[in-house]
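Heads up, the thing below is written out as structure tokens.
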């Protein structure tokens, strides 16, 4: 099967899933007493019809690329990282802390330092459940979910007691040198929208992910562990340490969300930032088939839904979007199975 | 009237014609052997008879009546039962629970009648001389005992026609004799038995009639009394088999592997391997004959460096046994390869420390591709597409890939664990040739296999493990299958030489 | 404070709190013994809580609420069963999607019905049933114990229980004996949904309202309890009492000098610690998590 046909086939299930989900959404809209066509028209015209809207979609998609990569790194290694929410929160807080605490200096130093701080925070939060899995074999699904709750509580404690600007729930602003400029400032496009240079960082992260997987020994070993852990053991791959490394990398990817939300947008960390992005990252990775290009496309679609929900919030509760996203996940995994079976049937 | 009549059954899987206009008939109360090489169509045919597959065309008659066997449940109603090669037993449940599952006796309409179940099972076991404890957990039983439970399952459901798929593949010689006793007992009680096998010696000793399949077609239908092994082999393969006979090694030299007092215990302290000592020399093949569960897996793990002994040592030319050992694993799909990866990617599994293939953590894709191309040529792997997922290759080609990789490690020690399992004659022959070639080049080879014929043919010396102890070590030329079988089951315990 | 802990009131409080863990944990046992991992318990509880709130609010009767909660939990479980059993899709992903669906669905409907996406109106509860019994003994505690007994009987003393266990260990063997693996697994998943829905119902009736996210991870902790309890109903419930004790303690500590948030993390950290200590000594049903394919 040629490359293009393979890509078309693997896009079929996600595409169908979106269409069916939108149709299901229409039923919900009808149940609320609104006209689906007018609601969807507003949604699509506000998101894709203006430069501002597209910019907003890109802005919403950026963190989803990071959490999508986070989930995908895990999946490739056979690990289920449900902890991106906690990892991105810890990472973002670290980004904001570094941005505020480091002495004022040039952006060439501050921005990478803050990004690294975010990655480190996320990596730590991922490595802990990774260690528990490697050392004790305890399942990362439950542990990463627990870490999400622990992160929320700890961050609430730390921010409220040590770090917040009085009468708010956010940290002090970061140094001006640590700010990532918005794209409309740099280039004039997407005027008014908060999309910023971290979008570039997201693209870089995707490229790094692709390179790591296909060309490096570490990527190879992770793929072996994910595909057949017994073969990995028999090949004397250091499975335990690789699991911890994989979870740390996954956590670091989530930690990069700070570059978008903190460095590029609010310039501080606020409690509740990015809530739910972790779960959506799983959806993005699944729909994108754990492939960097697929993740970008999927992140764009989900970002579109995310911003779209806000545009129709006056007519229909924005949680409709969450329902649609859940349907997309269920439909994608079912349709992927069904299509695979029918391909096998046709091939004989 | 025949018990079972199969008429003109044809079954196709995609482009493969598994059964081609197959017809045969089985008389009441006879033991009928269905014989053929791997891939000849025997299992497919029996799966059709048992309702697990449906034929493309043809018909089946049971006791003279046309029947449509649509599922195993339907087959059971018709009195047909099948014992599969891989047992269909739930290890966590007891013997009685396994036997009655699906047809449970009930008390007061909702409660399981556990005592009644145990009672029925005990009664059946007595009647057919299949001694087994109804309350025992299946996981704790030996393979031979588990097979009895499988047969009891069929008898509990009043099966009159029993199909046994490769029943001796997992048994040691004395257990095989016990099975044959069971088959005769079943015959005496009026049951009909169909035996699927490729082991000709067993066919000759226990069957009444034999049907031979080759490439999906019936090529012979004979009475056992009127034929012999050579004739059967000729029919199975289509030409005269040249059985490779044992040739002694010419180059035996220095010790390659020294195992001293190696002991491995379970976490609770029970011995899995006890005080095992031996030496393997370069240029020799040392064969280990043992029934599964007697310590070979632990010994393999030890010698590969995957496990440390609780006491004692295993040294490779003076160094502790480690990662660079060549190991052809027992279950290639589970342990030896990554099905989704291409041939090329599989060939570097465990070899990325080699500077030809990766430097500073980055892989050299050109070199790896070149390796794959070379292997395809020298090992005659088909199809010659190194980019295709390895799980789409045939079993023989998969095993060739694994062998190519392991032999390419240029390790002084090679561990071959059931290296020809599931392979057809041509592929198995190839692997044997490769191993013998390595022996000529001075490698030391440890061969583990439950196929005593293979062990006798390839080994220079043979060792036997029983319950974790080394109970025999002898020259291959001086022993027989019977003697080995006796050691393997503990029947004859002489001091290890 | 120590005498507060060793009082009868503390005991009843612990048991009441444990109910919210024990009911989904019992349900999880049925699903997983049949071989289907159910990470969606959290979502099934949440939907059960919301349905119970709406049911009680609309009819004024908590019994209607209970019925609604069980029905809602089962309906969501049916969805999980169709995706994971019938289609054989990844069970963990399906469970997570179900949880996401529950969050969206509850907030969406809550906004429509109660004009707020986070909080519902107040509803009646089930607090006591006659003055002859100790005041802390809620009917739900009795119900939970009763269901524990029933679970034991069904799982180990009925043909259905035997088939469920067989299907979770070796579905192909069960299939070869004519057992419909899909039906049996469906039943296990539906039971787990009903129990989770009942657990959510308890939360709502106890709090007298529905709050967005009120399950707070109990569904996941119930899974951990099941693992620690070695997939046995008795062990699972015992572990739930342990987790209930932790939560109960953290409630006691909430007036004290220790910061609220640090106290809140106790159940979650305890879960991770206990899980680490028990894995390896606790093996799941052999076919757990593996979709069954008939070819």
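Protein chains in written order, with my numbering: chain Y, 1 to 348; chain R, 1001 to 1497; chain L, 2001 to 2295. All C-beta atoms, glycine included, are put in the ideal place defined by N, C-alpha and C. Since the model is a prediction, treat every value here as computed from it, not as a measurement.
Which residue from the options puts its Cα closest to that of residue i?
| i | options | result |
| --- | --- | --- |
| residue 1158 (chain R) | R:1121, R:1020, R:1373 | R:1121 |
| residue 82 (chain Y) | Y:67, Y:96, Y:45 | Y:67 |
| residue 2187 (chain L) | L:2282, L:2079, L:2015, L:2122 | L:2079 |
| residue 1468 (chain R) | R:1289, R:1357, R:1387, R:1447 | R:1289 |
| residue 2054 (chain L) | L:2075, L:2293, L:2068, L:2230 | L:2068 |
| residue 64 (chain Y) | Y:281, Y:80, Y:148 | Y:281 |
| residue 327 (chain Y) | L:2207, L:2153, L:2222, L:2095 | L:2095 |
| residue 312 (chain Y) | Y:27, Y:42, Y:167, Y:112 | Y:42 |
| residue 2154 (chain L) | L:2026, L:2250, L:2261 | L:2026 |
| residue 287 (chain Y) | Y:160, Y:335, Y:164 | Y:335 |
| residue 1437 (chain R) | R:1450, R:1458, R:1451, R:1426 | R:1458 |
Using three-state DSSP, classify residue i as helix, strand or coil.
| i | result |
| --- | --- |
| residue 1026 (chain R) | strand |
| residue 1496 (chain R) | At residue 1496 (chain R) the pLDDT is 41, less than 50, meaning the model places this residue with poor confidence and gives no usable figure here. |
| residue 282 (chain Y) | helix |
| residue 1274 (chain R) | strand |
| residue 171 (chain Y) | coil |
| residue 1358 (chain R) | strand |
| residue 228 (chain Y) | coil |
| residue 1459 (chain R) | coil |
| residue 1352 (chain R) | coil |
| residue 1521 (chain R) | Residue 1521 (chain R) lies beyond the residue range present for chain R, which begins at 1001 and ends at 1497; the question has no answer from this structure. |
| residue 1006 (chain R) | strand |
| residue 1320 (chain R) | strand |
| residue 1394 (chain R) | coil |
| residue 976 (chain R) | The first residue shown for chain R is 1001 and the last is 1497, placing residue 976 (chain R) beyond what the model contains. |
| residue 273 (chain Y) | coil |
| residue 1132 (chain R) | coil |
| residue 133 (chain Y) | helix |
What do you get for residue i, buried or exposed, if any count of 16 or more other CB atoms within 10 angstroms of its CB means buried?
| i | result |
| --- | --- |
| residue 252 (chain Y) | buried |
| residue 423 (chain Y) | Residue 423 (chain Y) falls outside the range modelled here, since chain Y spans only 1 to 348, and no answer is possible. |
| residue 2180 (chain L) | exposed |
| residue 1111 (chain R) | exposed |
| residue 9 (chain Y) | exposed |
| residue 1228 (chain R) | exposed |
| residue 1026 (chain R) | buried |
| residue 1019 (chain R) | buried |
| residue 2244 (chain L) | buried |
| residue 1146 (chain R) | buried |
| residue 2039 (chain L) | buried |
| residue 2063 (chain L) | exposed |
Along the chain, where does the beta strand (DSSP E) that runs through residue i open and close?
| i | result |
| --- | --- |
| residue 1197 (chain R) | 1192–1197 |
| residue 1574 (chain R) | Examination of residue 1574 (chain R) is not possible in this model, given that chain R is present from 1001 through 1497 alone. |
| residue 1474 (chain R) | 1469–1475 |
| residue 2048 (chain L) | No beta strand (DSSP E) holds residue 2048 (chain L); the alpha helix (DSSP H) holding it covers 2041–2059. |
| residue 1288 (chain R) | 1285–1289 |
| residue 1032 (chain R) | 1031–1035 |
How is the alpha helix (DSSP H) around residue i delimited, first residue to last?
| i | result |
| --- | --- |
| residue 1046 (chain R) | 1042–1049 |
| residue 184 (chain Y) | 183–186 |
| residue 2206 (chain L) | 2181–2207 |
| residue 2169 (chain L) | 2159–2169 |
### Query
Between the stretch 239–251 of chain Y and the stretch 73–81 of chain Y, do at least 3 Cβ pairs fall closer than 8 Å?
With the cut-off at 8 Å, the stretch 239–251 of chain Y and the stretch 73–81 of chain Y touch.
#### Entry: Inter-stretch contact (C-beta, 8 Å, three-pair minimum) for the stretch 10–28 of chain Y and the stretch 151–165 of chain Y
No, the stretch 10–28 of chain Y does not touch the stretch 151–165 of chain Y.
### Message
Quick check: the stretch 1056–1069 of chain R against the stretch 1252–1266 of chain R, are at least 3 beta-carbon pairs closer than 8 Å?
### Response
Output reads no: the stretch 1056–1069 of chain R does not touch the stretch 1252–1266 of chain R.
### Message
With three or more beta-carbon pairs closer than 8 Å as the criterion, would you say the stretch 2199–2214 of chain L touches the stretch 2226–2241 of chain L?
### Response
Under the three-pair Cβ rule at 8 Å, the stretch 2199–2214 of chain L does not count as touching the stretch 2226–2241 of chain L.
### Query
Given 8 Å as the limit, is there contact between the stretch 257–264 of chain Y and the stretch 113–122 of chain Y, that is, 3 or more CB pairs closer than that?
Yes, the stretch 257–264 of chain Y touches the stretch 113–122 of chain Y.
### Query
What residues in the stretch 2063–2077 of chain L bring their beta carbon closer than 8 Å to a beta carbon of chain A?
In the displayed structure, chain A is absent; the protein chains listed are Y, R and L.
#### Entry: Given 8 Å, three or more beta-carbon pairs between the stretch 183–197 of chain Y and the stretch 29–46 of chain Y
In this structure the stretch 183–197 of chain Y does not touch the stretch 29–46 of chain Y; the number of beta carbon pairs closer than 8 Å is below three.
### Query
For the 8 Å Cβ check, are there 3 or more pairs between the stretch 1418–1425 of chain R and the stretch 1339–1354 of chain R?
No contact exists between the stretch 1418–1425 of chain R and the stretch 1339–1354 of chain R.
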